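In order, the protein sequence lines correspond to chains A and B. Quick note on numbering: the first sequence equals residues 3 to 482 in the working numbering. Quick note on numbering: the second sequence equals residues 602 to 850 in the working numbering. A virtual CB, placed ideally from N, CA and C, is assigned to each residue, including glycine. These numbers come from a predicted model, not from an experiment.
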Amino acid sequence: MASEEMEQLVRRDYKEGFVTDIESDTLPPGLDENTIAFISNKKGEPEWMLEWRLDAYRQWLKMESPSWAHLDYPPIDYQSISYFSAPKRPEDRPQSLDEVDPKLLETYEKLGIPLHERAALAGVAVDAVFDSVSVTTTFKKELAEAGVIFCSISEAIRDYPELIKQYLGTVVPVADNYFAALNSAVFTDGSFVFVPEGVKCPMELSTYFRINAANTGQFERTLIICESRAQVSYLEGCTAPMRDENQLHAAVVELVALDDAYIKYSTVQNWYPGDEEGKGGIYNFVTKRGDCRGARSRISWTQVETGSAITWKYPSCILRGKDSIGEFYSVAVTNGRQQADTGTKMIHIGEGTRSYIVSKGISAGKSNQSYRGLVKIGPRAKGARNFTQCDSLLIGDKCGAHTFPYQEIGNSTATIEHEATTSKIGEDQLFYCQSRGISEEDAVSMIVNGFCKDVFQELPMEFAVEAEALLNVTLEGAVG
Amino acid sequence: MLQVNDLHVTVEGKEILKGLTLTINAGEVHAIMGPNGAGKSTLSAVIAGKDGYEVTQGTVTFEGQDVLEMEIEERAQAGLLLGFQYPVEIPGVKNIYLLKSALNAQRVARGEGEMPAPEFMKLVKEKLGFMKMDASFLQRAVNEGFSGGEKKRNEILQMLVLQPKLAMLDEIDSGLDIDAMKVVADGVNSLRADERAILLVTHYQRLLDYIVPDKVHVLVDGRIVKTGDAELAKELEANGYEGIEEFVA
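Below, the structure written as structure tokens:
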């Protein structure tokens, strides 16, 4: 949509007025300042938050959707999206597993998802499908004793406005990019984590355990803060394919690590990739960035990306603190007609900063995948070091893999190493395994898992096992 | 055990095997010798089921089963195992994992069920010792960064663990120094058994000083042109393949 039209829409008077709309649960499609006011009001946000959102929205209107990525998709009509919808009412959801797509259930079976969790994942209308209430209560108690805050971003805006004001948008500014600006204007869900000084979070935090997290928001906003010497490991996502009717996802994740703090952020993403023609799949445009603000702080991104029709995602680290460390470990798998343009940015600002990038891309079917990585060494980053390893594996001959490494070196004392390989899953490797009696499918999974080993070992144990199973399911039938 | 009858094989439109006939019985060790390009490696590759080889005529049966109709893994599960001249590297996959997966895949296919882990470890350690290989070997990725000698030892180690009925070894001696060759030969000799057959494919007679075959076949231009006992290999060493070719012509 042309920006003039947009502006016209914005300039429309508050015809309906958002106050009366609050009574309804779902907004009709469309985006203007009314929409944003509605969301903010619905969430019970203070005035400054609404201003923040409107500022983002006004900047977004002036921006253009990025076109530099190696992706091909039709223009998105932002006026056809509904920006606020209450969770489906129980009577509108499947009443039992019998009403759920058998294909989905088959996948849960293969992934070894416990029976009682399958219903929840498939969106079946059952109250307390598993004992989440008691689990969460125990959880909350333990976290509270440690002084850790873990809640939804909406709660945080209401309950911890000072922390939100201090940190929100400081890592990913509202107008950072097109999708981040949109997210800042309309986000409705997400997590907030605050780990106070000197505290090591007593457990791994997972969205999975957060109440109300069942419906993944279309525009999620996550903010994680670790004060000095604090540590946290955060798990996002789920290996099971989630039912989701929203096609466009534009999340923003901000991490802040102060002196000697360590944040480990692990993602397993397996959203609907679309049918064989790639229709109906999720578009995933994510901005994830960590700020190593303090000296010797460390932020580590680990991701296993297997879903979505389109993935646009570059978890990055700003290495501001002296001797801070940024890490990015990624496995991205594309099959069918999936497209992924993913990678990372390591911005070295402080002295003695170090970064590690290990990216493993696997393309099968007719999919296309690009690694895009930037290593930037600022003028003050004396003695900065980067190591990048970027490997692509092709399965079949209709897929593509591309690598776009960018380096900007502003300090001559920096050391940069880059290794890249592209290989076809060897007919020879397959033949070798099969001639030992191993089936083709098992051989593919063995070779692919071997290829990804460097990344999988960075995942928390339980996630790693699930990730392996997920990879096998994703690549089923990729060969032959 | 293995019958190859009038086998014709074409690779990329070129006929490599031109009517090869061969019978191997249980308990026997056969060696196939011949000049480069005669089709030696083609024979073992076709039996193992490698892609890109077109059988235009002839049959291959193993214990009465039509081998050419079987999937690659089914051939291995039936007891046909190929030791490679150039084993591939599989980064990130530990040797121990490949061994275990292969053994269990074969056992499950034969209805024997998976081998319990302690029993498996005991078996592997014993065979490792026999091949004079260090236990750290098991934790390394399959063939990755292995020297030529290590790769060949690893092939034999797999044979010792998997215990095939017919072991086919393609140029197992190439690139080995004399000490490594002795270890490899000891490994192969330990496989000799009444119920097992071994097929060696080699260019040089040297290997046959250590693994003495029951039968030697000379393969020239896609056909077996002469068959004899271990003495034939020595004649070849003395006179070269050209002598045979002339003799045949």
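As computed with DSSP, Val743 (chain B) is found in a beta bridge with B:Ile691. By the Cβ-count criterion, Val288 (chain A) is buried, with 16 or more other Cβ atoms from all chains shown falling within 10 Å of its own Cβ. For Glu720 (chain B), there are no neighbours in chain A by C-beta distance under 8 Å, as the nearest C-beta there is about 18 Å away.
The shortest CA-to-CA distance from Ser156 (chain A) to any of A:Thr417, A:Asp74, A:Phe189 and A:Asn36 is the one to A:Phe189.
By the rule that beta-carbons nearer than 7 Å mark a contact, Gln459 (chain A) does not touch chain B.
Residues of chain B whose Cβ lies closer than 8 Å to the Cβ of Met448 (chain A) are, in chain order, Ile691, Val694, Tyr698, Leu699 and Ser702. Within the stretch 634-662 of chain B, Ala649, Gly650, Lys651 and Asp652 place their CB atoms closer than 8 Å to a CB of chain A, listed in sequence order. For Leu683 (chain B), a Cβ of chain A is located within less than 7 Å of the residue's own Cβ. Within the model, the alpha-carbon separation for Tyr267 (chain A) versus Ala706 (chain B) is close to 37 Å.
It is roughly 11 Å from the alpha-carbon of Ala232 (chain A) to the alpha-carbon of Ala148 (chain A). Taking a C-beta distance under 7 Å as the contact criterion, Thr355 (chain A) and Ala383 (chain A) qualify as a contact pair. Residue B:Ala742 holds the alpha-carbon nearest to the alpha-carbon of Asn451 (chain A) among B:Asp787, B:Ala742, B:Glu720 and B:Tyr842.
Beta-bridge pairing by DSSP links Met769 (chain B) to B:Leu683 and B:Leu800. In the structure shown, Met732 (chain B) adopts coil according to DSSP, grouped into three states. In the three-state reduction of the DSSP assignment, Pro407 (chain A) falls in the strand class. A residue is called buried once 16 or more other Cβ atoms fall within 10 Å of its Cβ, and Lys615 (chain B), having fewer, is exposed. The continuous alpha helix (DSSP H) containing Lys701 (chain B) extends over residues Asn696 to Ala710. Under the rule that a run must span 3 or more residues, the beta strand (DSSP E) segments found entirely inside the stretch 603-690 of chain B read 603-612, 615-625, 630-634, 655-663 and 681-684. In chain order, Ser302 and Tyr358 place their CB closer than 6 Å to the CB of Glu329 (chain A), counting only its own chain and leaving out the 5 sequence neighbours on each side. At a cut-off of 7 Å between beta carbons, Gln678 (chain B) contacts chain A.
Bounds of the alpha helix (DSSP H) holding Glu157 (chain A) are Ile155 to Asp161. In this chain, the beta strand (DSSP E) harbouring Met348 (chain A) covers Gln341 to His350. Residue pairing by DSSP places Trp303 (chain A) opposite A:Tyr267 and A:Phe330 in a beta bridge.
Nearest C-alpha to Ser361 (chain A) among A:Gly380, A:Ser414, A:Ala311 and A:Thr423: A:Thr423.
With a threshold of 16 other beta carbon atoms within 10 Å, Gly200 (chain A) falls short and is exposed.
Taking a Cβ-Cβ threshold of 7 Å, the residues of chain B close to Ile440 (chain A) are Glu674, Ser702, Ala703 and Ala706, in chain order.
One Cα belongs to Glu756 (chain B), the other to Asp607 (chain B), and the distance between them is close to 30 Å. Restricting attention to alpha helix (DSSP H) runs no shorter than 4 residues, the stretch 428-462 of chain A encloses them at 429-436, 442-453 and 455-458, ordered along the chain.
Taking CB atoms only, Asp161 (chain A) has no neighbour in chain B less than 7 Å away. The C-alpha of Val762 (chain B) is placed about 30 Å away from the C-alpha of Glu468 (chain A).
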